[in-house]
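Quick note on numbering: the sequence shown equals residues -13 to 327 in our numbering. Virtual Cβ for every residue (Gly too), placed ideally from N, Cα, C. A short worksheet on the structure shown next.
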Amino acid sequence: MILIDLQKAFDTINHDILIKKMAFLGFSEATRNWFKSYLSNRKFIVHINNSSSEPGNLLCGVPQGSILGLLLFLLYINDMPQAVTCDLLLYADDTCLIFQHKDIIEIEKVLNKNFSSLCDWFVDNKLSIHFGEDKTKSILFSSKHKVKKCKPLNIHYKNINIKQYSKVTYLGCILDETLSGESMALHVINKINSRLRFLYRQNRYLSSPLRRLLCNAMIQPFFDYACNAWYPNINKKLKTRLQAAQNKCIRFCLKLGDRSSLKSEEFEKINWLPVQERISQCSLCSVYKFFSKNSPDYFEELYFPVEETAIQTRFSFQKLTIPRRKTNIRLKSLSYTGLSL
């Protein structure tokens, strides 16, 4: 996987190229003229202390902080996947190249070829990649017994080498080279404990309803975020630590002592599920959204309905194909756990 960092992506969009792409996508001339007016004749001023610069012209870029700015950027990079032959993940200005193979030499060959093509696309579209330290990087995912034997990836563009890391952060989720979820779990535990210490310092100002409200807003999201990607793979020790962190939050909400034992009654009082059950609930919600057609399109790669037969039962519409269990890792994937639950 190559994680690509763009330099000032929203500020370097070329207006002429953007308008040409809009024409190619079928936008009417009147609409294109409106956007030309929207993007042109913009100026900026730098203000330091009591002094201001002369107004300067903005010759490129889209206004940030608006809905239109993000939409225009997405239109601008819409044709990026045509520059590569391997998988390309796009989320706003976060770009990742992914290729899977058993032979590391083949991985290097394919990734280098596609990375070079992608860099050429950036040059043609007047965008630039940030090659600085800890910006554009690579990572090799492998099983635990293979990860020590694999030689480092040799990914480069011209005379610039891309550094390989043992763990990376993508869209706020920490991925390590064995996909163990350990780094993300430790990050979540540290964040929860940090937020909880802050709330304890404000203890005298908080009523019981406000305590629960703040825990729901400031702490619970850490348990939930990308939980299906990292929680099933972590070891029993980390799962115990996560549950202990949640127990601290419940004691804080209910004003209990540090060593007070917790039973189902305490969880019911604040309407929380234990961590394991909460993760299961998130998995079930994803399956429900798929059934109700409220899930993203990529969920179709996870769930496959059973082919219709002549005999239909009242639950036939809910049946999905459970994937084959070739490895233990597959047992922990959302495509399997969600359906099993």
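Here residue 197 is buried, its C-beta having at least 16 other C-beta atoms within 10 Å. Close CB contacts of residue 108 within its chain, under the 8 Å cut and outside five residues either way in sequence, are with -8, 114, 115 (chain order). Per DSSP, reduced to three states, the secondary structure at residue 210 is helical.
In the three-state reduction of the DSSP assignment, residue -7 falls in the coil class. The DSSP assignment places complete alpha helix (DSSP H) segments of no fewer than 4 residues inside the segment 220 to 300 at 222 to 240, 250 to 255, 261 to 277, in order along the chain.
Within the DSSP bridge table, the entry for residue 146 names 143 as partners.
According to DSSP, residue pairing for residue 73 in a beta bridge involves 84. Between residue 1 and residue 46, the beta carbon gap of about 6 Å places them in contact (Cβ cut-off 8 Å).
Secondary structure note for residue 162: its beta strand (DSSP E) is the uninterrupted segment 159 to 162. Excluding its 5 nearest sequence neighbours in each direction, residue 81 has C-beta neighbours in its own chain below 6 Å: -10, listed in chain order. When DSSP reads this structure, residue 153 sits in a beta bridge with 162. In this structure, the beta-carbon distance from residue 306 to residue 320 does not fall below 8 Å. The Cβ-Cβ distance between residue 63 and residue 72 does not fall below 8 Å.
Under the three-state reduction of DSSP output, residue 173 falls in the helix class. If you draw a 10 Å sphere on the C-beta of residue 283, you find fewer than 16 other C-beta atoms in it, and that means exposed. Contact annotation: residue -13 and residue 205 have beta-carbon atoms that are not nearer than 8 Å. Within its own chain, the residues whose Cβ lies closer than 8 Å to the Cβ of residue 322, once the five positions on either side in sequence are excluded, are 308, 309, 311, 316, listed in chain order. According to DSSP, residue pairing for residue 34 in a beta bridge involves 37. Judged by DSSP secondary structure, residue 194 falls within the alpha helix (DSSP H) whose first and last residues are 194 to 204. Straight through space, the alpha carbons of residue 79 and residue 141 are spaced by roughly 21 Å.
Counting the other CB atoms within 10 Å of its CB gives residue 163 a total of 16 or more, which places it among the buried residues. Each residue's CA atom was taken as its position, placing residue 228 and residue 220 some 11 Å apart.
Shown here, residue 134 sits in coil according to DSSP, grouped into three states, outside any helix or strand. Residue 111 is bridged by DSSP to nothing; it lacks a bridge partner. By the Cβ criterion, the segment 171 to 182 is not in contact with the segment 136 to 153, since fewer than three pairs of Cβ atoms, one from each stretch, lie closer than 8 Å. For residue 104 against residue 70, the beta-carbon gap comes to about 6 Å, under 8 Å, which counts as contact. In the three-state reduction of the DSSP assignment, residue 45 falls in the coil class, being assigned neither a helical nor a strand state. For residue 124, the beta-bridge partners assigned by DSSP are -12, 150.
By a beta-carbon distance limit of 8 Å, residue 160 contacts residue 169. Their separation comes to about 4 Å. Around the Cβ of residue 20, a 10 Å sphere holds fewer than 16 other Cβ atoms; the residue is exposed.
Residue 201 is not a Cβ neighbour of residue 253, given a cutoff of 8 Å.
Around the beta carbon of residue 31, fewer than 16 other beta carbons sit within 10 angstroms, so the residue counts as exposed.
As far as DSSP is concerned, residue 58 takes part in no beta bridge. Taking the CA atoms as reference points, residue 4 sits about 17 Å from residue 67.
Contact check for residue 167 and residue 211: beta-carbon distance about 13 Å, past the 8 Å limit, so the pair fails to qualify.
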